[in-house]
Ligand code: ATP
Ligand code: MG
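Residue numbers (UniProt numbering): 6 to 330.
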């Protein structure tokens with residue numbers, strides 16, 4: 006089975022974009038591929054954070070992923086900071102990366118724009134991401150469109166390391182979902198829905214109560230001419246709803262467009278489809294959240310299994326780069 010890795014940052018509430026673009030594909034793939042899923046809490050430290058909330062978010066996110074159907078017996082599931090090899094390989098890869106390469110990353114530019122307190126780790130975060138991926142000899146990295154550039158950087162770093170120091174890493178490739186690779190913000194449909202970048206009304210939280218979900222979708226930005234057509238450039242708001250709907254029910258955005266004649270009807274249909282997806286997830290979350298000890302145990306076991314594999318990769322990299330092993 007092909008080895009695949011997915012990471013999510015516990016920076017805030019998981020949203021519909023995370024579910025459609027990352028979590029659902031990962032749950033689907035755990036039966037056919039050798040899947041690794043980790044909570045990237047070290048990455049969450051690259052932006053302003055509150056210690057207590059980070060810990061809460063990490064445990065909640067782990068619980069949401071299990072509620073969404075992630076099976077820890079099928080996928081290797083753990084928290085990044087509990088496996089020190091991420092940090093160790095990160096440093097070796099920093100020594101294989103040029104400052105200019107990190108500085109070119111679009112996400113760094115976006116997240117550092119008009120901020121006085123940009124953390125140094127925000128600049129080097131894609132390098133740690135390379136470490137996350139290369140540690141596991143992952144072959145495929147399923148990500149939303151926003152992460153493509155970072156995975157390209159991982160490929161560059163791995164290729165350079167192999168070339169300089171001898172074959173050490175598997176050079177991974179990007180895979181993106183065909184629908185919902187970039188779910189847009191409901192109130193600002195030219196920007197992607199994001200945990201840290203969207204306003205409360207722009208993102209649908211996976212644990213939002215049903216009436217709130219409906220309200221957010223009803224208030225989503227559309228157009229004034231009433232035309233329902235899939236054209237992301239010309240009609241970003243309507244196209245986003247079509248994309249969400251298509252991803253929830255299966256089908257293509259252009260295909261589902263034909264079922265609707267007005268925005269009100271489209272919004273009702275979309276809300277229904279989204280709620281159909283969230284209801285069972287939220288019910289399982291309710292049950293699991295009563296047993297945080299179980300979730301912590303799952304994560305601890307995952308970290309132990311991960312370490313057995315990652316220690317070997319770090320050893321390989323250390324030997325190749327020339328430190329005394
Ligand atoms: P942050 O604002 O903290 O960066 P985020 O919403 O971008 O949060 P990440 O934790 O960075 O979420 O990404 C987790 C996964 O979800 C990645 O695979 C990413 O590509 C995917 N993803 C994030 N946002 C979207 C979106 N709007 N549509 C589809 N996939 C998304
Ligand atoms: Mg992100």
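Cβ coordinates follow ideal geometry from the N, Cα and C atoms, glycine included.
Other residues of its chain near residue i: CB distance less than 6 angstroms, five sequence neighbours each side excluded
i, result
"residue 2", "Residue numbering for the chain in the displayed model covers 6 to 330; residue 2 lies beyond these limits and cannot be assessed."
"residue 38", "6, 7 and 9"
"residue 51", "124, 126, 127 and 130"
"residue 16", "49, 200 and 201"
"residue 259", "235"
Identity of the residue in the options nearest residue i by Cα
i, options, result
"residue 334", "309, 63 and 304", "Residue 334 is absent from the model: the chain starts at 6 and stops at 330."
"residue 228", "284, 76 and 243", "243"
"residue 58", "77, 101, 14 and 82", "14"
"residue 161", "103, 117 and 211", "103"
"residue 264", "233, 119 and 287", "233"
C-beta atoms of residue i and residue j nearer than 7 angstroms
i, j, result
"residue 198", "residue 20", "yes"
"residue 331", "residue 87", "One cannot answer for residue 331 here, as it falls past the ends of the chain, which runs 6 to 330."
"residue 318", "residue 324", "no"
"residue 251", "residue 261", "yes"
"residue 271", "residue 246", "yes"
"residue 144", "residue 179", "no"
For residue i, the three-state DSSP class (helix, strand or coil)
i, result
"residue 274", "helix"
"residue 189", "strand"
"residue 147", "strand"
"residue 335", "The question about residue 335 has no answer here: the residues shown for the chain are numbered 6 through 330."
"residue 217", "helix"
"residue 174", "coil"
"residue 200", "coil"
"residue 130", "helix"
Chain-order list of residues whose beta-carbon lies under 8 angstroms from that of residue i (same chain, five-residue window excluded)
i, result
"residue 316", "90"
"residue 181", "147, 148, 149, 150 and 153"
Any chain B beta carbon closer than 7 angstroms to residue i
i, result
"residue 214", "Looking for chain B here will not work: only one protein chain is present."
Residues of its chain near residue i, where Cβ-Cβ distance is below 7 angstroms and the 5 sequence neighbours each way are ignored
i, result
"residue 116", "52 and 127"
"residue 221", "191, 206 and 209"
Proximity test, residue i beta-carbon vs the ligand NAP heavy atom, cut-off 6 angstroms
i, result
"residue 227", "With respect to the ligand NAP, the structure offers nothing, as its ligand set consists of the ligand ATP and the ligand MG."
4 or more residues per run - each alpha helix (DSSP H) lying fully within the stretch 93-119 = Listed in chain order, the complete alpha helix (DSSP H) runs (minimum 4 residues) inside the stretch 93-119 are 104-108 and 111-117.
query = Which runs of the beta strand (DSSP E) spanning at least 3 residues fall entirely within the stretch 9-72, listed in chain order?
reply = Taking only runs of at least 3 residues, the beta strand (DSSP E) segments lying wholly in the stretch 9-72 are 39-44.
query = Considering only residues of the stretch 255-305, which uninterrupted alpha helix (DSSP H) runs meet the minimum length of 4 residues and lie entirely inside it, listed in chain order?
reply = Annotation: the stretch 255-305 contains the following complete segments of the alpha helix (DSSP H) (minimum length 4 residues), in chain order: 258-262 and 268-293.
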